[in-house]
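Protein chains in written order, with my numbering: chain A, 1 to 510; chain B, 1 to 510. For every residue, glycine included, the Cβ atom is placed at its ideal position computed from N, Cα and C. First comes the structure, then the notes that go with it.
Quick look at the structure:
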């Protein structure tokens, strides 16, 4: 059970099938497989030993898929770097899991100097972007051209496949260790419930460094079907490519779907090829669902709930619960039921299962659950107890096993499909010399679902304004994590134990 | 990853769904799950420790499914006994893997005395048949009624789940060790390619002691859908139950399908509920395929190739290759392509992959491949080399990865869907005092595909006739393995090395 098996299988059974389409670049599986085997050889020549980490910091492209399969083919482990991160966050992850090789594209090559200046061990940089290879980097294309294709290194099962960083409640990102077996098992329920369309084409919009985009890519590889990639979201461009490349399926966050539907030229495009639309990362998307089904009636809609630690899908709400009837009964508001092989329970704070309809914490067990957090045994012990992953998400389960998310027990904000841990932002704010105390909450936002909002208490006599504090945050953390609005108060509402009462803060917005 | 997870999942999500239908007996998953948890408790009370073997010798029924899930739920390992075996064969398997508990029904209870008389350690007998519980046996129903339901024992992954006996080329049956992971992985490709019909009903005709019937049952459990069982094949009965219970899918061998189609009342039944028909165990079924598609045009036909050591499916030929076009191109004669996660290669006698179109031996690798043969390290080492299972089946692969079986490299006969190893029958014949030499081959047979044919050389001056030899064989081996015809000769054609030249024998039938 190893993730490159699906590529071997397609190379045996369907080698002339189109593998990737990226702008004008198109390649069959035979061509893709050849490049993967050469990239694997090149990485080995650069010193990648079995289990060694290789990072990629780039927008989506065909080369990102070559990176995924090439590293595994050569025996390495992925460290897909969050493209929204600041240099200190990137350096933290490279240092944390000792990433020896980092692939960058033209959008991120400029960060190389900043990384070199602070990273503990400077990685080998490979440039997979357009145009000239910057000084001090190796070229992705020359490396592939010069390398000899190698045999698949044969790692699989419990061998580590990927370290994917997720925001940390303690303020530091945590490296989620995903094995080949984890990833394979995570793909299976979706393969069964929503197998990719035969001879279909998947449009990758969700970033591949993110577990949802990565998992959907792996499912497309398992099916041996075609990947179409765009570097980033743009409503007009998406409408063009869906029509032009006859896209059959895609994965989007509700914010993107709403932007598509709101585009003035929406009705001018023929989107009839689109058969499947998966959405996620949204607590409440009823309005979006109604709009999609009214304007694209041929579409099968499905919704998933998951987290990086579950690689990621825990539950799915399938097309048959997006019918008129299911929408009336409220079932379309559910995040669905546990997938094949995935155990889901709702428990009270003592870990005992609660009756149906009662809110508690979602816990999950199954072959898809991560091996743990890289180098963080204490965090791992907190998250994994007796084989169960404690998600920190609050929900109830109905009599048919449907999950309804009601709260996030972890102090987390979901904005535009990204998870943001309040503690991480609070830690940055608290380090500012003028800040005495800071609390970060999510407030409702029409476009992004939630927006990051900070409530700050200044030190006596100190001066700092909203703009200065936001600029300060941007030096250390990704833009999407920075407060969109900051409110200054004289004090924060505290519990008897001295804990900030966030519920009260949420009730009293500025 | 453990096989009882699917039952837990259905109990959580769809407990009032019908689990089993057997004649007048019907039970929901809630009722089935309760009986399984009680049976598990009863077996533990009888001494079943984790990993202990429990056998069942019975025709198909709802109780057979309770046995499968109950033993696993309680932490045990299945030993599903071949119902066609003679007492010495049964005793061999019970002794070989130390089966401590044996469940029998009314059709096989009469064999208990014979088993007791020769088995090394007498098992606890449980009677799961109709009517009075025979003396010296415990009743299946009272055991369940009196037991307290227990928690799932939690075995899974590489833990042994089942020992399934297969004919031995050396003359002794071999116990194939199948882990939970093996069985789960074996089900996945079929779940993806041919997921059970939603709210569908599977009719079990293939015996559950056989790997094909067992695997199909597990797939139905994974889907949480309904099982309908009949004790054995009967064309009229099958037509009635397909119409009466609105069967959506079944698994049959071509012999049975032909018998159904040939039934004089075939056209009187409404078989429109039947959507899926899987067939296997046939080298050439073109005629049957044409007939099915002409008379049941709504049916999706699929064909699988596999073996007990692969749990069992290696490759599947899916419905789209049973179209008019595929039949004309010859693709419908293929046994299909390797499933998800299953590596298939055709190799020469040195183990090197041969070019497409060249005949060689099929070898298979994947998470579905058995752990080995119970207590037979030498046989295991012969069958499993570098992780590859050497099947002994000859085939070629086309450019699209389709397998075409052309020969059996192992000396094996397939009669009515059963594998018969010539060596096993030859060993029995050779032990007869009047027999000097014996060779067993398959000869074409209209109904059974092949029939067992023996060529015997008598000892000088010895006398034995065909009828006596057949009666003699029946004492030691199952009826289906006994020669249907015996020919006496003065000598057998031998190679220079003294090996019987079976090809020559096949060319010169009596």
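Judged by DSSP in its simplified three-state form, residue 113 of chain A adopts helix.
In the structure shown, the three-state DSSP call for residue 161 of chain B is strand. Straight through space, the alpha carbons of residue 62 of chain A and residue 2 of chain B are spaced by roughly 37 Å. Residue pairing from DSSP places residue 404 of chain B in a beta bridge opposite B:396. Contacts between residue 347 of chain A and chain B, judged by CB atoms closer than 9 Å, are missing: the closest CB pair is about 14 Å apart. Residue range 87-96 is occupied by the alpha helix (DSSP H) that includes residue 91 of chain B. Within chain A, the residues whose beta carbon sits less than 8 Å from that of residue 8 of chain B are 343, listed in sequence order. The DSSP-derived three-state label of residue 277 of chain B is strand.
Considering only B:210, B:296 and B:290, the residue with the shortest C-alpha distance to residue 249 of chain B is B:296. For residue 30 of chain B, no Cβ of chain A is located within less than 8 Å of the residue's own Cβ. Taking a beta-carbon distance threshold of 8 Å, residue 14 of chain A counts as an interface residue toward chain B.
Counting only Cβ-Cβ distances below 9 Å, residue 372 of chain A has no contacts in chain B at all, with the closest Cβ about 17 Å away.
The segment 329-349 of chain B makes contact with the segment 184-191 of chain B: 3 or more CB pairs, one atom from each, lie closer than 8 Å.
Judged by beta-carbon spacing, residue 403 of chain B lies beyond the 8 Å limit of residue 311 of chain B, meaning their Cβ atoms are not closer than that value. Under the 8 Å Cβ criterion, the segment 46-55 of chain A does not count as touching the segment 219-226 of chain A, having fewer than three qualifying pairs. Residue contact with chain B for residue 333 of chain A: absent (no Cβ-Cβ distance below 8 Å to any residue of chain B). For residue 442 of chain A and residue 503 of chain A, the gap between their C-alpha atoms comes out near 11 Å. It is roughly 59 Å from the alpha-carbon of residue 208 of chain B to the alpha-carbon of residue 138 of chain A. Around residue 158 of chain A, the same chain offers 179, 180, 181 and 371 as residues with beta carbons nearer than 8 Å, after the five sequence neighbours per side are excluded. The Cβ atoms of residue 420 of chain A and residue 452 of chain A sit closer than 8 Å to each other. At a beta-carbon threshold of 9 Å, the residues of chain B lying near residue 192 of chain A are 188, 191, 192, 195, 222 and 223, ordered along the chain. Rounded to whole angstroms, the separation of the alpha carbons of residue 26 of chain B and residue 106 of chain B is 20 Å. The three-state reading of DSSP puts residue 362 of chain B in strand, counting E and B together. Interface annotation, residue 185 of chain B: in contact with chain A, CB-CB separation under 8 Å. At a cut-off of 8 Å, the C-beta of residue 400 of chain A has a neighbouring C-beta in chain B. The bridge partners DSSP lists for residue 453 of chain B are B:441 and B:485. The C-alpha of residue 439 of chain B is placed about 8 Å away from the C-alpha of residue 423 of chain B. Following the DSSP letters along the chain, one finds residue 355 of chain A in no beta strand (DSSP E), marked with neither H nor E.
Nearest CB-CB separation between residue 5 of chain A and chain B: below the 8 Å threshold. Beta-bridge partners of residue 82 of chain B (DSSP): none assigned. Under the DSSP assignment, residue 382 of chain B falls outside any beta strand (DSSP E), being part of the alpha helix (DSSP H) whose first and last residues are 377-383. In the same chain as residue 256 of chain A, and ignoring 5 residues on each side of it, the C-beta atoms closer than 7 Å to its own belong to 205 and 233, in chain order.
Of the residues B:20, B:454 and B:90, the one whose Cα lies closest to the Cα of residue 109 of chain B is B:90. If you compare the alpha carbons of A:478, A:270 and A:59 with that of residue 22 of chain A, the shortest gap goes to A:59.
Three or more Cβ pairs closer than 8 Å define a contact, and the segment 37-44 of chain A meets that threshold against the segment 69-89 of chain A.
Pairing residue 201 of chain B with residue 247 of chain B gives a Cβ-Cβ distance under 8 Å.
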